[in-house]
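**Q** Numbering (full-length UniProt numbering), first residue to last: 1 to 1244.
1. Quick check on this structure: which residue in 1180, 1234, 1218, 1153 has the alpha carbon closest to the alpha carbon of residue 1204?
2. Could you check where the beta strand (DSSP E) with residue 641 kicks off and where it finishes?
3. Residue 190 lies in the beta strand (DSSP E); which residues open and close that run?
4. Pick out whichever of 1241, 1215, 1242, 1243 has its Cα sitting closest to the Cα of residue 1230.
5. Considering Cα atoms alone, identify which of 954, 76, 82, 80 is closest to residue 93.
6. Considering Cα atoms alone, identify which of 922, 919, 953, 960 is closest to residue 936.
7. Within 10 angstroms of its Cβ, does residue 1008 collect 16 or more other Cβ (buried), or is it exposed?
8. Specify the secondary structure class of residue 528 as computed by DSSP and reduced to three states.
9. What's the C-alpha gap between residue 1050 and residue 857?
10. Let me check understanding here. Comparing Cα to Cα, which of 391, 501, 512 lies closest to residue 464?
11. Report yes if the C-beta distance between residue 1245 and residue 413 is below 8 Å; otherwise report no.
12. Can you say whether residue 1095 is buried or exposed, counting buried as having 16 or more other CB atoms within 10 angstroms of its CB?
13. Below 8 Å between beta carbons: does that hold for residue 91 and residue 97?
14. Could you compute how far the alpha carbon of residue 324 sits from the alpha carbon of residue 18?
15. Report the rounded CA-to-CA distance for residue 229 versus residue 117, giving the unit in angstroms.
16. Near residue 888, what residues of its chain come up, given a Cβ to Cβ distance below 6 Å and the 5 sequence neighbours on each side ignored?
17. Got a sec? Which residues, its chain only, sit under 7 Å from residue 89 by beta carbon, not counting five neighbours each side?
18. For residue 204, which of helix, strand or coil comes out of DSSP?
19. Determine the burial state of residue 1266: buried for a count of at least 16 other Cβ atoms within 10 Å of its Cβ, exposed for fewer.
20. To test your reading of the DSSP string, which unbroken beta strand (DSSP E) runs of 3 or more residues are found completely within the segment 54-80?
21. Within 8 Å, do at least three Cβ pairs link the segment 315-323 to the segment 256-266?
22. Can you give me the Cβ contacts of residue 277 inside the same chain, cut-off strictly under 8 Å, excluding the 5 residues immediately before and after it?
23. Helix, strand or coil for residue 1176? Go by DSSP, reduced to three states.
24. Is it buried or exposed for residue 328, if we count other Cβ within 10 angstroms and need 16 for buried?
25. Count the other CB atoms within 10 Å of the CB of residue 1236; is the residue buried (16 or more) or exposed (fewer)?
26. With DSSP as the reference, identify every bridge partner of residue 344, one or two as the case may be.
27. Between which two residues does the alpha helix (DSSP H) carrying residue 486 extend?
28. At 4 residues or longer, what runs of the alpha helix (DSSP H) sit wholly inside the segment 829-910?
29. What did DSSP end up calling residue 1017 once you bin it into helix, strand or coil?
30. If you draw a straight line from the alpha carbon of residue 428 to that of residue 408, how long is it in whole angstroms?
31. What residue does the beta strand (DSSP E) around residue 287 start on, and which one ends it?
32. Locate the beta strand (DSSP E) running through residue 390, then write down its first and last residues.
33. Return the first residue and the last residue of the beta strand (DSSP E) that residue 254 is part of.
34. Going by the beta-carbon positions, is the gap between residue 20 and residue 366 smaller than 8 Å?
35. Just mark residue 205 as buried or exposed, buried being the case when its beta carbon has 16 or more other beta carbons within 10 Å.
36. Got a sec, what are the start and stop residues for the alpha helix (DSSP H) residue 503 sits in?
Structure below.
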């Protein structure tokens, strides 16, 4: 809604109100009675309204007046509004002082000739030292002098007592440096000086030339840093002899005016000609066009035939229009009689959308506006002898010489009549005390503030300083808010027909926005004015209603309006030219053919704002509220969050944030103070609208205010802590998002980004070891939607945890941890659970993680819906149960992460290994057991399930079976029901029953495993299952029942049958070898994710178990085959050295037999070792076996050991014979020779 109301903020532009956009040709205005209206027409002829009021009068400092008594030849006066100062020249001296008071007088008397022109320009960047803030240009008849302006100690400030506290700006002490550049005028006097915002300096000469002072930091090829360039003369003019130029007609430059928004420069000559120039990059300039005074007069006469042509003569002032003033009209020229000529530098292409894109091509007269006094029933005089003019945002000030020593100020302003489809202006006269030498707007000297900070320019008066021979006369151009204030004071409240007429003339939505601004003004808070403005808002703001019939849209041609007394106001202007223009006029009035359809004026009517969902038409109060809020946010709405010049710097200052916040808080306070009372009154007076429109506040932007206000508060807090300092806490993705965002995007689409900034701000405090209590309270107070209670609690808990981390006292540390846990429980479940649990884990506060996760899970599922869902086998149709179970699982995930972190520590210790390895492993195992125990002590069954799942996933089966919780049976039963083919779960379940004395249940599961139809269960495994089942059934605790007796008998019969099948094939060597191969392959396949060493260790462990049981069974234990297969698998796993010999000796196998086996294997010289990448793998294994034998021989060698040593010697000799014929085996040969020598010593 706020975004939509931005379209209604702007009034019809000048191209529309002058009629050019509608009619497609040059137009005129000023001949209709309603083109100029006194302010009394807004208030039923109430005479007390004034558009222009005097703010202050400041005389010329007395010390300067003393010097005036010694004038010899000439003096001039002027203004430097950029620095808030006025100047006066007396012959060759210049004096400068602050015009808002008569202090800080500076002077320069270093010239020897008469000063003829003065200018002040901001210098180009990086040319002078930083102390030089401005350049003061003084010209004499023979030279141009450039001086530096330096400001002194900023602590020496001068504040005006005539300005409010908020408007006071300090004046730094001004100093003028010695001349920087001095150039010759070449006998051409300089009449006027003007500078651009980027430091270019232009001079207007008496000979009609436009000069430019071009300067730079370094000297050029000719050794000059500054030169004067004549842009008006071409190369041909330099070839004309000098004596011929004497006969040329000169037209001196009267004034230069600059439009920095479009980079256009205008030159007014003394004879009325006007030139337009376009400033281009690299100090280039291009003349766009030129019109003579005669051409302008001819075009104006052809358009307006009912007035004397003499009023079009003598153009005395030009006022550039900035892009904000008008996107399409670029210049106003004012004649001596007050006639205004509106020019454009481009041919307007109406309807084609290319009005702003075209480059300047010339000067085109599009509109002629006659001054007051030329309407049929006028009662005001006509301007005479106008010599100065100033234009700003719809208001024109003209200074005319009514008497010889006293000027008259004319104020013509369209601001009291916004949204009119034609140009209507108020006319106000003010008698001045003296003759005006210069006038300018008093500018805000705070360079850090937004150029349109909040809505100051909309509602605060524009201050103009007029420098007269008596001093500075400062006037204020009042805004509609000031006029309403005057009206309420004069009428002693809103209950007056004059106030009602004001609302009708202003349009009710606009007047509501004005009264709202008046009611929210901080300076008036608590006064009668606030009460009157509020009453006027509700009294004349209308009521919402349902649309019953279609109404018209925006104003169109021919629409009539009514003044305060109901008299019709006919839109009879602007007038059009009635005959074709001449050739000269056509060059002035060159236009492209426009569409014949007259376009409606946009944004002329606010009263059709409605809700399309229920056909409700909002009241003017509603529209006024949104207009006001839209104006509050307009300065930042489309503005980028970050500065484009300074990396990661806010584009608005702390002062701007404070101003926007102040305005937002004011409207929020207004809504809070008036909502209940006025809604009740509204409903009582309008019962028919109670269902669809319960008053303006039901549809007010109060809800929409919350987020922008919070965003602004967040921005202000972040600005206090440098964004650059916070940058390192924000990830690159968020930085990129912020760099591309406008404040509108941030408010409407990126609340998550703002929330992250609050977290970053808190983290900034935490990293500084600062308390977050105050900043959290501030954030909760000003940004409740961005910084929740839960976030405040979590950050406070983080602070407490950091304190606990540095605490050395155990009891105190535990107290801090429990305090943090209690805080987090109070905010559960809406808190950053993962972040807090990580901090608890880092502090080894496992109890805190478990309790907090359990509390969060319970608060998410108070009715235990998830447990019911789990107990019932997780039915697919139970969506509610699934959602509850998923929500709880997210909480339990933190407990699993904590277990995983501790488990990874255990794995690291096992891999690294050190002297305290066993101690550390025991300690970490103890921590895991502690966590599991703490989790099982809770009453949360689903938390138990999560712990069981983790233990099972890490194959901690012994630890899992060591638990006796009833919930484990539920978990195993549910898991087995979900995965019925999982033998591991079945094994765990029967072992759980057996350990808990439930032998019958364990026997049934074992019987099911033994008889299940599956190829992956060998006969031996089935026999094992049946044997254990029979043992369970024979247990004394099983009891004696008929059913159990039958079951036991069946199991015994199955066991006898399986044993017969087992022994019937033992003489089949191939079958036995196949069985062993299957055993080996199965063990390796079961550990594919382990390291090769772990895989081989698992295989050898299995081999040891089988060897101890079957090594004496003869055919069932084919040792040569088994040794060969074990070595081959070890080689395939790329082990550095074979662990098989050690394993064989560890299970007490006969060394003599092993040496025979390895001797035969070496003699075979099988290619398998080469194929697996290590040709000498078996030789190395044989050497390892021989070395192991030598290690067992201590002292004298027994007789049987000598026989084994001889076999070992034979094995080594076979290996050496094999190596002698191969290259690159010297290292291995040396090892074998060493072993051989040791064996020889044993045999000696």
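Note that CB positions come from ideal geometry on N, CA and C, so glycine has one too.
In this text the structure is predicted, and so the values were computed from the model without any measurement.
**A** Based on what the coordinates show:
1. Residue numbering aside, residue 1204 sits at position 1204 when the chain shown is read from its first letter. Nearest of 1180, 1234, 1218, 1153 to residue 1204, Cα basis: 1153.
2. The residue you call residue 641 lines up with position 641 of the chain shown. No beta strand (DSSP E) contains residue 641, which DSSP labels as neither H nor E.
3. The count along the chain shown starts at 1 and reaches residue 190 at position 190. First-last of the beta strand (DSSP E) with residue 190: 190-195.
4. By one-based count along the chain shown, residue 1230 stands at place 1230. The shortest Cα separation from residue 1230 among 1241, 1215, 1242, 1243 belongs to 1215.
5. By 1-based counting over the chain shown, the position of residue 93 is 93. Here the closest residue by C-alpha is 76.
6. Working through the chain shown from its first residue, we reach residue 936 at position 936. Minimum Cα distance to residue 936 is reached at 960.
7. Taking the chain shown and counting its residues from 1, the one referred to as residue 1008 is at position 1008. Answer is exposed; the Cβ neighbour count stays below 16.
8. For the purposes of this step, residue 528 is identified with residue 528 of the chain shown, where counting begins at 1. Here residue 528 sits in helix by DSSP.
9. Within the chain shown, the letter at position 1050 stands for residue 1050. Within the chain shown, the letter at position 857 stands for residue 857. The straight-line gap from Cα to Cα measures roughly 48 Å.
10. Against the chain shown, residue 464 aligns to sequence position 464. Comparing Cα-Cα distances from residue 464 to each of 391, 501, 512, the minimum goes to 391.
11. Since the first residue of the chain shown is 1 and the last is 1244, residue 1245 is not available in this structure.
12. Numbered from its first residue, the chain shown carries residue 1095 at position 1095. Burial call: buried.
13. Sequence index remark: in the chain shown, residue 91 carries index 91 (1-based). Sequence index remark: in the chain shown, residue 97 carries index 97 (1-based). Not in contact: residue 91 and residue 97 (Cβ atoms no closer than 8 Å).
14. Mapped onto the chain shown, residue 324 falls at position 324. Mapped onto the chain shown, residue 18 falls at position 18. Those two C-alpha atoms are separated by around 17 Å.
15. Here residue 229 is taken as the residue at index 229 of the chain shown, counted from 1. Here residue 117 is taken as the residue at index 117 of the chain shown, counted from 1. Cα-Cα distance, rounded: 18 Å.
16. Looking up residue 888 in the chain shown gives position 888. Within the same chain, residue 888 has close Cβ partners 857, 861, 866, 942.
17. Within the chain shown, residue 89 is the residue found at index 89, counting from 1. Excluding sequence neighbours, residue 89 sits near 75, 76, 115, 118.
18. To locate residue 204, count along the chain shown from 1; it is residue 204. Here residue 204 sits in strand by DSSP.
19. Nothing about residue 1266 can be read from this structure; the chain reaches only from 1 to 1244.
20. 75-80
21. yes
22. Here residue 277 refers to the residue found at position 277 of the chain shown. 210, 231, 264, 265, 266, 267, 285, 286, 287, 288, listed in sequence order.
23. On the chain shown, residue 1176 is found 1176 positions in, with the first residue counted as 1. Coil.
24. Counting from 1 along the chain shown, the entry for residue 328 is found at position 328. Its Cβ being crowded by 16 or more others within 10 Å, residue 328 is buried.
25. Sequence index remark: in the chain shown, residue 1236 carries index 1236 (1-based). Residue 1236 is buried by the Cβ-count criterion.
26. As a working mapping, residue 344 is identified with position 344 in the chain shown. In DSSP, residue 344 forms a bridge with 364.
27. Counting from one through the chain shown, the residue named residue 486 turns up at place 486. 480-491 is the span of the alpha helix (DSSP H), which, as asked, contains residue 486.
28. 833-842, 846-860, 865-871
29. Counted from its first residue, the chain shown places residue 1017 at position 1017. Correct three-state label for residue 1017: coil.
30. For the purposes of this step, residue 428 is taken as residue 428 along the chain shown, with counting starting at 1. For the purposes of this step, residue 408 is taken as residue 408 along the chain shown, with counting starting at 1. C-alpha separation (whole angstroms): 10 Å.
31. Taking the chain shown and counting its residues from 1, the one referred to as residue 287 is at position 287. Here the beta strand (DSSP E) through residue 287 covers 284-291.
32. Within the chain shown, residue 390 is the residue found at index 390, counting from 1. Segment 386-392, the beta strand (DSSP E) holding residue 390.
33. Here residue 254 corresponds to residue number 254 of the chain shown, with the count starting at 1. From DSSP, the beta strand (DSSP E) with residue 254 extends over 253-259.
34. Along the chain shown, one-based indexing puts residue 20 at 20. Along the chain shown, one-based indexing puts residue 366 at 366. It is a contact, given that the beta carbons lie within the stated cut-off.
35. Here residue 205 corresponds to residue number 205 of the chain shown, with the count starting at 1. It is buried - the Cβ of residue 205 has at least 16 other Cβ atoms within 10 Å.
36. Residue mapping note: residue 503 aligns to position 503 of the chain shown, counting from 1. Segment 497-506, the alpha helix (DSSP H) holding residue 503.
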